[in-house]
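In terms of this note's numbering, the sequence shown is residues 9 to 491. Here a beta-carbon is modelled for each residue, glycine too, at the ideal position from N, C-alpha and C.
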Amino acid sequence: MFSTALTSPRGPRGQRRSTASAVAHIVRPQHTDTEQLEQLLDKPVLVVVEQPKERGMRFRYECEGRSAGSILGASSTDVNKTLPSIELQGPIDRIKNVTVTVSLVTKDIPHRPHPHCLVGKDCSDGICVISFNPHNNRRHSFVNLGIQCVRRKELDASLMKRKKKNIDPFSTGHSKSIEDMDMNVVRLCFQCELEKEDGDRTYLYPVVSNPIYDKKATTTAELKINRLNIVQGPCTGKTEIYMLCDKVQKDDIEIIFSLGNWEAKAEFAQTDVHRQIAIVFKSPPYQEQDLADEVEVNVSLRRISDRMYSEPVKFTYLPHNPDPYEVKRKRKIKSSKFNEDCSVSTDEVMSTPGPAHQFDPFCADGSDCSILPQEEMFSQVPQVLDGIHYEDSGSQLDDTCVSLDPDTVNSLLCSLTDCLGPQNFLQLLNSQDPNSSITDTNLNHMEAGQPPITSFIDPFYNQELPQDLQDIFLRQVKTEDDS
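And the structure:
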């Protein structure tokens with residue numbers, strides 16, 4: 009057998025053919041690798057040039073009976089609306105048509121098919137398929153592309169539709185549990201198919217977008233502070249503030265006061281979060297307690313899970329005031345204080361009687377006493393009281409209580425009686441209270457040595473003075489305690 013194998017004409021030829029085939033098999037892969045490298049360098053790339061807006065999009069159920077809205081671009085503003093856009097970059101010489109299939113995948117790697125559906129133009133069974141000629145326009149924008157969320161009991165049916173259409177961009181399989189899927193966030197996945205002029209089809213590697221968060225979900229929604237009831241407080245902190253905000257999770261939220269590198273957390277408990285839209289908290293103390301001027305800081309909401317911040321609002325720290333209610337500024341009222349500022353000189357009052365010839369002090373013969381007109385009579389009173397002076401008339405006095413001893417009052421009344429005359433003086437007293445009546449007109453006080461007026465009607469309280477106070481016409485009245 010050994011010799012036969014050597015002399016057989018086919019043996020050597022077969023052996024030579026086998027060797028040649030082996031050589032060809034070795035050389036061919038080298039040529040194939042070069043071609044693959046050239047094809048890889050010449051292959052176009054699909055790029056997401058306008059990412060979808062991450063927040064502000066609401067996922068709606070089909071039963072809501074309204075449009076799911078349109079996904080806006082990340083750079084969209086109130087004035088200039090943009091849309092998610094893709095672009096085919098690279099050589100497109102031999103490419104005739106481009107087909108892009110858009111579906112929803114999960115946020116985390118590996119990106120698995122998501123049960124939520126895309127709805128809108130060019131959408132069917134939860135996916136969107138578009139085609140375009142790259143020679144006419146390399147870029148395509150997705151108009152009226154919305155997200156429709158699926159009820160929990162329909163999740164399996166939705167994923168089964170994707171499986172039948174072989175929509176599994178990263179070949180993760182559909183057998184994994186859906187319990188760990190985040191239903192409030194998705195990504196757009198773009199699968200690109202290139203059709204060449206010779207009919208050959210090439211598939212590009214799938215491209216995913218930035219995550220899109222459901223607006224209505226408190227775990228992923230955009231944080232927003234609507235209002236603070238107090239926007240300033242002392243630098244010592246502990247100012248109780250009420251905040252109105254969009255829905256938050258009470259166990260996944262914190263309030264941050266910040267300025268530059270300084271940051272402090274507000275003080276509140278989970279029980280201080282009211283129905284997810286209001287928070288009662290206390291401001292933290294500022295880093296510096298000896299402030300000379302007001303300091304304005306930022307107040308923001310921060311979600312603990314994803315470190316998401318809200319737009320800040322302003323809060324002003326005020327310098328420390330040890331007496332915020334101004335209790336220490338109120339000085340105690342003292343009678344001695346007024347005695348220093350306002351005093352009546354008895355000698356001056358006694359030394360300025362009215363002209364004697366203008367009045368008849370006594371009408372003993374029963375003749376008609378001349379009574380001056382009331383205007384002229386009252387004009388004499390300021391002349392008598394010119395002795396009352398104030399040391400500081402331009403400033404407001406803290407003590408408005410006049411302290412006069414009984415002797416001074418008696419002297420003052422005697423001067424007024426001598427100045428005005430007994431009848432005019434009685435008329436002056438009666439003019440203060442029209443309903444009052446003088447029950448005792450003993451005017452000969454100078455002769456009897458009695459007080460000038462034994463009984464009179466108090467013009468302010470309309471009450472008679474007690475008998476034991478008849479020796480005094482005016483008594484000091486104090487509105488506040490000396491202490």
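In the assembly as shown, Gly181 is an exposed residue. Its beta-carbon has fewer than 16 other beta-carbons within 10 Å. Around the Cβ of Gly81, a 10 Å sphere holds 16 or more other Cβ atoms; the residue is buried. Residue nearest to His124 within the set Lys169, Lys255, Asp298 and Thr90 is Lys169 (criterion: CA-CA distance). Ranked by Cα distance from Glu205, the options Cys71, Asp101, Ile312 and Val55 are led by Asp101. The secondary-structure analysis by DSSP pairs Ser132 across a beta bridge with Ile135. CA-to-CA, the gap between Val194 and His119 works out to about 10 Å. Three or more beta-carbon pairs drawn from the stretch 295–313 and the stretch 249–269 are found closer than 8 Å, and the two stretches are therefore classed as touching.
The beta carbon of Arg235 lies closer than 8 Å to those of Met251 and Leu252 in the same chain, with the five residues before and after it left out.
Asn218 and Gln257 have their C-alpha atoms roughly 24 Å apart. For Leu424, the uninterrupted alpha helix (DSSP H) run begins and ends at Pro414 to Leu428, by DSSP. Between the stretch 95–112 and the stretch 135–155, the count of C-beta pairs closer than 8 Å reaches three or more; the two stretches touch. In the DSSP assignment, Gln156 is bridged to Arg68 and Cys125. The DSSP assignment places complete beta strand (DSSP E) segments of no fewer than 3 residues inside the stretch 217–256 at 233–236, 240–242 and 248–253, in order along the chain.
DSSP lists Phe265 as the beta-bridge partner residues of Ala272. Check the Cα spacing between Glu70 and each of Ile287, Ala274, Arg159 and Glu302: the tightest is with Arg159.
Restricting attention to Val281, Pro327 and Val288, the CA atom closest to the CA of Glu296 is found in Pro327.
The Cβ-Cβ distance between Leu167 and Pro121 falls below 8 Å.
Per the DSSP secondary-structure output, Asn105 pairs in a beta bridge with Glu203. Closest option to Asn306, judged by alpha-carbon separation, among Trp270, Ile285, Val281 and Phe265: Phe265. Per DSSP, the unbroken beta strand (DSSP E) holding Leu326 starts and ends at Val321 to Leu326. Between Val113 and Pro60, the C-beta gap is not smaller than 8 Å, which leaves the two residues out of contact.
In its chain, beyond the 5 residues on either side, Leu424 and Thr425 have a beta carbon closer than 7 Å to the beta carbon of Phe433. Scanning Val239, Arg63, Ser419 and Lys172 for the CA closest to the CA of Asn192 turns up Arg63. Within the DSSP bridge table, the entry for Glu95 names Val55 and Arg147 as partners. Of the candidates Asp413, Phe67, Val87 and Leu231, Leu231 places its Cα closest to the Cα of Pro320.
Per DSSP, reduced to three states, the secondary structure at Ala286 is strand. With fewer than 16 other beta carbons inside 10 angstroms of its own, His282 counts as exposed. Look at Glu304 here: in three-state DSSP terms it is strand. Contact check for Val303 and Glu248: beta-carbon distance about 20 Å, past the 8 Å limit, so the pair fails to qualify. A straight line joining the alpha-carbon of Ile238 with that of Thr228 spans about 28 Å. Contact annotation, Val215 with Leu54: C-beta distance approximately 5 Å; criterion of less than 8 Å satisfied. Secondary structure at Thr279: helix, using DSSP grouped into helix, strand and coil. In the structure shown, Arg170 falls within a helical segment according to DSSP collapsed to helix, strand and coil.
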